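Going by the working numbering, the sequence shown opens with residue 3, and the numbers climb by one from there.
All C-beta atoms, glycine included, are put in the ideal place defined by N, C-alpha and C.
Just so we're clear, the structure is a prediction, and the values are computed from it rather than from any experiment.
Notes follow once the structure below has been shown.
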Amino acid sequence: MRLKVFGVAHYSIFVSDLAKARAFYEDFLGYEEAFTLPKADGTVQVAFLKINDHQYVELFNEPNKGEGQLNHLGLYTDDVERMRQYLASRGVTVPDQVSRNRIGNKKISVVDPDGHTLEMVEYLSDSQTGKDTGKHMPATRISDRMMHAGILVGNLDAATRFYGGILGCHETWRGNSLTSTTLNWVNMRVPDGDNHVEFMLYKELPPPDRRGSPHHICLIVPDIKKAVAELEARPARKGYARELKINVGVDNKRQVGLFDPDGTRVEMMEIDTTDGKPAPSSTLPPPR
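Structural data, given as structure tokens:
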């Protein structure tokens with residue numbers, strides 16, 4: 003029996019300069035740091051930026067491992083031990099037992115077909131996230147919801163078997179850029195929520211220093227023009243050198259591409275299409 007998957011819990015990324023990353027996510031985008039985890043020397047190893055009670059961006063204050071800025075992706079469930087047993091029954095390599103992470107939630111870590119670490123989390127009331135319920139969610143947040151997380155995928159069939167056939171995600175849309183002759187993106191919605199994992203398809207995966215754009219998060223806003231105006235008016239805008247340009251994506255939704263100091267993309271997007279109608283899915287073949 004498949005276990006529940008409710009949504010994206012966190013997106014964990016390496017940052018080369020924590021102060022600059024904090025300036026982007028806190029001062030510019032308006033999020034608050036809920037808590038941190040220390041290194042052995044007492045300096046910050048991980049800073050947790052809170053989007054809402056169930057979603058965080060985790061900033062790992064250490065060098066990346068040569069595979070780009072993504073550390074791992076987190077999804078949340080309601081029974082991680084049963085999830086561990088279920089994944090094992092489906093042939094996924096799992097740890098021998100569930101552990102508690104350093105902030106007090108139950109978790110297991112597995113590896114997806116493309117080598118990404120996927121953490122399955124069960125939130126607990128006595129954890130740091132549980133004790134922080136209702137806190138650190140200021141009105142300055144440019145968005146209160148992470149709609150999707152994007153990951154690089156080299157083999158669509160293998161990724162679909164894992165996220166779809168095993169975890170129960172289902173495809174809602176696929177698209178390609180206007181100049182592409184192959185499929186570029188596939189959205190896989192979690193079975194028990196409205197978040198999705200976006201497959202960023204490549205025949206050959208880009209080099210590590212060019213993975214910040216495909217590895218990304220999407221923040222939902224009700225009005226993109228209002229959100230841009232709010233960002234333009236913030237004092238931290240002067241520290242962000244890029245233009246805040248509104249585009250209409252292939253999915254017919256207004257969006258703005260933002261980039262943190264290490265190049266990780268933060269996609270700010272309206273949830274509805276410009277005409278209220280769903281964009282048609284691509285019929286092009288995958289890259290391989």
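Note that the C-beta distance between residue 80 and residue 121 is not below 8 Å. Residue 61 is positioned such that its CB atom lies no closer than 8 Å to that of residue 96.
Residue 243 sits in coil when the DSSP states are folded into three classes, being neither helix nor strand.
Per the Cβ contact rule, the stretch 185 to 205 is not in contact with the stretch 35 to 49 (fewer than 3 Cβ pairs under 8 Å). Secondary structure note for residue 14: its beta strand (DSSP E) is the uninterrupted segment 9 to 16. About 6 Å separates the Cβ atoms of residue 157 and residue 115, confirming a contact at the 8 Å cut-off. The three-state reading of DSSP puts residue 49 in strand, counting E and B together. Taking C-beta separations shorter than 7 Å and ignoring five residues to either side along the sequence, the partners of residue 154 in its chain run 116, 202, 204, 207, 213, 216, 217, following chain order. Note that the C-beta distance between residue 107 and residue 129 is below 8 Å. Taking 8 Å as the cut-off, the beta carbon of residue 71 is found closer than this to the beta carbon of residue 266.
Apart from sequence neighbours up to five positions away, the residues of its chain that approach residue 232 with a beta-carbon distance below 8 Å are 144, ordered along the chain. Close CB contacts of residue 150 within its chain, under the 8 Å cut and outside five residues either way in sequence, are with 10, 189, 197, 198, 199, 200, 219, 220 (chain order). Taken in chain order, the complete alpha helix (DSSP H) segments of 4 or more residues contained in the stretch 258 to 290 number zero; there are none.
If the five residues before and after residue 85 are omitted, its C-beta is found closer than 6 Å to the C-beta atoms of 5, 79, 122, all from its own chain and listed in chain order. Checking the DSSP bridge columns, you'll see residue 40 partnered with 46.
Taking every protein chain shown into account, the CB of residue 48 has 16 or more other CB atoms within 10 angstroms, so this residue is buried. Contact between the stretch 176 to 189 and the stretch 250 to 258 is established, with three or more Cβ pairs separated by less than 8 Å. Judged by DSSP secondary structure, residue 88 falls within the alpha helix (DSSP H) whose first and last residues are 82 to 91.
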